[in-house]
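Data first, discussion second: the structure below is written as structure tokens.
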Amino acid sequence: MSGPYCCPNCKTNRTRFNVINQEPHSVKMNPQTGEIMEEYTNDQLSPFHMAYNGPEIRVQCAVCGLIEDERTFIKFGEKSNA
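Under the numbering used here, the first residue of the sequence shown carries the number 1, and numbering increases by one thereafter.
Structure representation (structure tokens):
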């Protein structure tokens, strides 16, 4: 996705952002120790493990620190251009 960004929180930043690429890792953890007991691939998930379906990219405003889905920054950037 591409388009002009504008921060929906501080409403003035249109140029300084941190783009965060998310790489989900599906794991099964020990509830007492937090140790990873098993790792899954997307084609080998267990029946009770739902695949990640969130955004691949999140954006952080480098002025106020707000972190949101990229679409939020793009939609606000489109409104600010009008």
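Here a beta-carbon is modelled for each residue, glycine too, at the ideal position from N, C-alpha and C.
For residue j and residue i, the rounded distance between their alpha carbons
i          : j          : result
residue 72 : residue 23 : 20 Å
residue 16 : residue 53 : 27 Å
residue 78 : residue 2  : 11 Å
residue 80 : residue 49 : 40 Å
residue 29 : residue 68 : 27 Å
residue 4  : residue 39 : 38 Å
residue 74 : residue 47 : 36 Å
residue 35 : residue 51 : 20 Å
Exposed unless 16 or more other CB atoms sit within 10 angstroms - verdict on residue i
i          : result
residue 27 : exposed
residue 70 : buried
Of the listed residues the options, nearest to residue i (C-alpha basis)
i          : options           : result
residue 20 : 55, 75 and 81     : 55
residue 42 : 58, 32 and 25     : 25
residue 18 : 76, 74, 58 and 75 : 58
| query | Any contact of the region 58 to 67 with the region 9 to 17, i.e. 3+ C-beta pairs under 8 Å? | reply | By the criterion of at least three beta-carbon pairs nearer than 8 Å, the region 58 to 67 is in contact with the region 9 to 17.
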